[in-house]
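Everything below concerns the one structure shown next.
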Amino acid sequence: MNTYEKIYETVKQVPYGKVATYGQIATLAGLHRKARLVGYALFRVAPDADVPWHRVINAKGEISESPFREGNDYLQRSLLEREGIEFNASGRVNFRQCQWQPEISPEDQPSFDRPDSHNSPQTNCSD
DNA sequence: CAATTGACGCCCA
DNA sequence: TTGGGCGCCAATT
Numbered sequence: 013m014n015t016y017e018k019i020y021e022t023v024k025q026v027p028y029g030k031v032a033t034y035g036q037i038a039t040l041a042g043l044h045r046k047a048r049l050v051g052y053a054l055f056r057v058a059p060d061a062d063v064p065w066h067r068v069i070n071a072k073g074e075i076s077e078s079p080f081r082e083g084n085d086y087l088q089r090s091l092l093e094r095e096g097i098e099f100n101a102s103g104r105v106n107f108r109q110c111q112w113q114p115e116i117s118p119e120d121q122p123s124f125d126r127p128d129s130h131n132s133p134q135t136n137c138s139d
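Numbering (the working numbering), first residue to last: 13 to 139.
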């Protein structure tokens, strides 16, 4: 499997209604600190590919535009909004609300005092 | 084989 | 807070 294919497979794991950053995808794909590769790879995603490319945004929480994607940057935002993701006046998303949090092993989780049942839902969206 | 081509992210003024 | 510079790398031609 190619490096780019690994990136695509990772992007495919981003669930509906959530977003991930290029850096996040890079790390998950085993390419720590190589966010640019993710950008390079996504640029080459075939239009018919089964990859939710629109769920990948930059570390600032905004959509990375490209002169070659005129209109598509708007498309990306539309697709995200369709999934319930909201943008503030600065064109950024609220990470706390919609950033994808991949499988985190309960053991890796910082074990403060985790009330078994009622975990704190992350509905804190005070932006 | 070498040149070209790109959707980033961090650091420092 | 914002903008510019720089490191980084695979696929294609």
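For glycine and all other residues, C-beta sits at the position ideal for the given N, C-alpha and C.
The structure presented is a predicted model; accordingly, all values stated were derived computationally and were not measured.
Cβ-based burial, residue i [other Cβ within 10 Å; buried from 16]
i, result
"residue 113", "exposed"
"residue 26", "buried"
"residue 87", "exposed"
Option in the options with minimal Cα separation from residue i
i, options, result
"residue 103", "39, 15, 74", "74"
"residue 37", "79, 52, 19", "19"
"residue 41", "67, 70, 76, 17", "17"
"residue 59", "109, 48, 44, 84", "84"
Per-residue DSSP class, three states only, for residue i
i, result
"residue 130", "Unreliable positioning characterises residue 130 in this predicted model, as indicated by a pLDDT of 32, which lies under 50. The coordinate reading is nonetheless provided below. If DSSP states are grouped into helix, strand and coil, residue 130 belongs with coil."
"residue 97", "coil"
Contact set for residue i: own chain, Cβ-Cβ below 7 Å, skip 5 residues either direction
i, result
"residue 95", "28, 29"
"residue 89", "75, 99"
Assumed close pair residue i, residue j - CB separation to whole angstroms, cut-off 8 Å
i, j, result
"residue 32", "residue 67", "6 Å"
"residue 8", "residue 70", "Past the edges of the chain, shown from 13 to 139, lies residue 8, and the structure says nothing about it."
Beta-carbon contacts of residue i that lie in its chain and below 8 Å, excluding the five residues immediately before and after
i, result
"residue 22", "37, 40, 41"
Residues near residue i in its chain [Cβ-Cβ closer than 6 Å; skip 5 each side]
i, result
"residue 91", "66"
"residue 46", "38"
"residue 50", "19, 34, 37, 38"
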